[in-house]
Ligand SMILES: [Zn+2]
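Numbering (the numbering used here), first residue to last: 1 to 273.
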């Protein structure tokens, strides 16, 4: 089962529960953040960004590549933390050997700070996160163009001429449109403080309630109290929580969010069944 959330001209589709499966598709540009254990909904993604090698996030890679092979897709770009390239390559090779086919894909390791163009005015930038295996988070960055002040009253033909002369007529501001942290402990807040300013922040929140308070620290996941400690820091327009443990149902989670994230709660969305 997947869930779809619409934010103006951005649509996020996905499914995420701890230890089960996590994957998201972000439209535009239609890319995938993680692939869970595989889903038909991922077959249309040209670009796949994996946050880490845990199987609930990455096992579906050969399945997705296999689906795309059946559809005759030319090639898929797969990006992942540099330290997971070899393991993922062997996983895909095992599947290719079982299926007696070669999938068309490129696998590229990324380091924090690396950027990849994913469409007109859109790019993805990797950043460091805090998990028990090598991991990255990703910003979907949007270039927002605005005519420079002196050119705002010019006609379309004048602007076209200025452009053809090579005049820079636009200012470009980069917006962190969507930020996805994958699985992470609280270290991410120091490693990547820019996440507090992204427009839409997809943040894992695995644990809730007093009884599971220490679990987040042990497994490098977030507990709702970690968000409550920073409640005034989140300047995001929308905060999407996902990756809740199956121990907690949506009603319990909604009421915990209402109690512990006062003030932030109207901007909080739950991506879960
Ligand atoms: Zn994990």
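Ideal placement from N, C-alpha and C gives every residue a C-beta, glycine not left out.
No experiment lies behind these values; they were computed from the predicted model shown.
Residue i - containing alpha helix (DSSP H), residue span
i           : result
residue 259 : 250 to 260
residue 226 : 224 to 228
residue 57  : 55 to 58
residue 77  : Run containing residue 77: none in the alpha helix (DSSP H); it sits in the beta strand (DSSP E), 76 to 81.
residue 40  : That residue, residue 40, is in no alpha helix (DSSP H); it is neither H nor E in DSSP.
residue 157 : 156 to 164
Reduced DSSP secondary structure (H/G/I, E/B, other) of residue i
i           : result
residue 15  : strand
residue 22  : strand
residue 184 : coil
residue 282 : The structure shown does not extend to residue 282, since the chain spans only 1 to 273, so no value can be given for it.
residue 92  : helix
residue 211 : helix
residue 69  : helix
residue 278 : Residue 278 is absent from the model: the chain starts at 1 and stops at 273.
residue 197 : helix
residue 240 : strand
residue 49  : strand
residue 170 : strand
residue 116 : strand
Any non-hydrogen atom of ligand 1 closer than 7 Å to residue i Cβ
i           : result
residue 183 : yes
residue 104 : no
residue 242 : no
residue 223 : no
residue 54  : yes
residue 27  : no
residue 57  : yes
residue 139 : no
residue 131 : yes
Host beta strand (DSSP E) of residue i (start-end)
i           : result
residue 265 : Premise fails: residue 265 is in no beta strand (DSSP E) and is neither H nor E.
residue 145 : 136 to 147
residue 126 : 122 to 128
residue 204 : 200 to 204
residue 32  : 31 to 35
residue 105 : 105 to 110
residue 4   : 3 to 7
Beta-carbon separation (whole angstroms), residue i vs residue j, contact threshold 8 Å
i           : j           : result
residue 173 : residue 144 : 5 Å
residue 80  : residue 91  : That belief does not hold up - the Cβ atoms of residue 80 and residue 91 are roughly 11 Å apart, past 8 Å.
residue 10  : residue 200 : 7 Å
residue 65  : residue 51  : 18 Å between Cβ atoms; not a contact.
residue 57  : residue 36  : 7 Å
residue 49  : residue 31  : 7 Å
residue 110 : residue 126 : 4 Å
residue 107 : residue 78  : 5 Å
residue 16  : residue 271 : 6 Å
Counted within 10 angstroms of its Cβ, other Cβ atoms place residue i as buried (16 or more) or exposed
i           : result
residue 113 : exposed
residue 251 : exposed
residue 236 : buried
residue 232 : exposed
residue 167 : exposed
residue 182 : buried
residue 257 : buried
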